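S.K.: The structure is given below, and queries will be raised subsequently.
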Amino acid sequence: MNNFTHWNAEGRPKMVDISEKEITTRTAIARSTIILSDTVYEAIQQGGIKKGDPTQVAQIAGIMGAKKTADLIPMCHPIMLQGTDFQFNYEKVEKGYELHIQATVKCSGKTGVEMEALTAVTIAALTFYDMCKAVDKTMVIKDTYLVEKTGGKSGTFVHK
278 MNNFTHWNAE GRPKMVDISE KEITTRTAIA RSTIILSDTV YEAIQQGGIK
328 KGDPTQVAQI AGIMGAKKTA DLIPMCHPIM LQGTDFQFNY EKVEKGYELH
378 IQATVKCSGK TGVEMEALTA VTIAALTFYD MCKAVDKTMV IKDTYLVEKT
428 GGKSGTFVHK
């Protein structure tokens, strides 16, 4: 017996058929954190990152990542996104800073945008690292997770 949703009767991978699902408004919020040194933080504040403003470039890359999720994650459906936005917040910690990257992704569709939000913050974090690595390669990307999702058959989810 085949109880897996992404496997066909022959036990081979398939994309789930969503043709009978209702169109609903769907949102997803995801977050990722980067630990960075005082040196990186101060270089950013003083305009000392030679590649430019890392959060602006990371935001553009994150939006592009959200739009390309179906090209990266094999079983994701291509989704017509209707909005993707970011927040970047630095927090001083004992050793250096944490940069919290948050993406909110929205659509009206038959399937959710959780993977698009998670991809968005992951690509944004990787891009931020790339922008700043010439200053300090010790940055750590951590704690990438779904904060909240709304819409669809399963309803609302809030990470606790």
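Going by the numbering used here, 332 is the number at position 55 of the sequence shown; the sequence numbering is gapless. We put the beta carbon where it would ideally sit given N, CA and C, even for glycine. Remember, it's a predicted structure, so these values are computed and weren't measured experimentally.
Any heavy atom of the ligand PLP within a distance shorter than 7 Å of the CB on L349?
M.R.: Summarising the ligand content, the structure contains no ligands, and the ligand PLP is consequently not present.
S.K.: How long is the line joining the alpha carbons of A380 and R289, rounded to whole angstroms?
M.R.: Taking the first residue of the sequence shown as 1, we reach residue 380 at position 103. Taking the first residue of the sequence shown as 1, we reach residue 289 at position 12. A380 and R289: Cα-Cα distance of roughly 33 Å.
S.K.: List the endpoints of the continuous alpha helix (DSSP H) containing D420.
M.R.: One-based indexing of the sequence shown puts residue 420 at position 143. Here D420 belongs to no alpha helix (DSSP H); instead the beta strand (DSSP E) covers 417-427.
S.K.: DSSP three-state label for V382, please.
M.R.: As a first step, residue 382 is located in the sequence shown; it is residue number 105 there, counting from the start. Note: V382 maps to strand in three-state DSSP.
S.K.: Three or more C-beta pairs under 8 Å: does that hold for the region 381-391 against the region 347-364?
M.R.: Because the criterion of three Cβ pairs below 8 Å is met, the region 381-391 and the region 347-364 touch.
S.K.: Along the chain, where does the beta strand (DSSP E) containing T302 start, and where does it finish?
M.R.: The residue you call residue 302 lines up with position 25 of the sequence shown. Unbroken beta strand (DSSP E) run through T302: 301-313.
S.K.: For T399, count the other beta carbons within 10 Å of its own beta carbon; 16 or more makes it buried, fewer makes it exposed. Which is it?
M.R.: Locating residue 399 in the sequence shown gives position 122, where the first residue counts as 1. By the 10 Å Cβ count, T399 comes out buried.
S.K.: Smallest Cα separation from K430: which of F281, T301, K291, E287?
M.R.: Sequence index remark: in the sequence shown, residue 430 carries index 153 (1-based). Closest option to K430, Cα to Cα, is T301.
S.K.: Grab me the residues of M392's own chain with a C-beta within less than 6 Å of its C-beta, minus the 5 sequence neighbours each way, in chain order.
M.R.: Walking along the sequence shown from the start, residue 392 turns up at place 115. Excluding residues within five positions, the ones whose Cβ falls inside 6 Å are T346, I350, C353.
S.K.: State buried or exposed for K291, treating a residue as buried only when at least 16 other CB atoms are found within 10 Å of its CB.
M.R.: The sequence position of residue 291 within the sequence shown is 14, counting from 1. Exposed: under 16 other Cβ atoms inside 10 Å.
S.K.: Among E287, I378, K298, G373, whose alpha-carbon lies nearest the alpha-carbon of T415?
M.R.: As a first step, residue 415 is located in the sequence shown; it is residue number 138 there, counting from the start. The shortest Cα separation from T415 among E287, I378, K298, G373 belongs to G373.
S.K.: On a CA-only basis, which of G432, A338, G329 is nearest V390? Give me that one, please.
M.R.: By one-based count along the sequence shown, residue 390 stands at place 113. Closest by alpha carbon: G432.
S.K.: In terms of DSSP beta bridges, what is L403 paired with?
M.R.: For the purposes of this step, residue 403 is identified with residue 126 of the sequence shown, where counting begins at 1. For L403, which the question treats as bridged, DSSP gives no partner whatsoever.
S.K.: On the DSSP letters alone, give me the boundaries of the beta strand (DSSP E) that D348 sits inside.
M.R.: In the sequence shown, residue 348 corresponds to position 71, counting from 1. That residue, D348, is in no beta strand (DSSP E); its alpha helix (DSSP H) goes 346-349.
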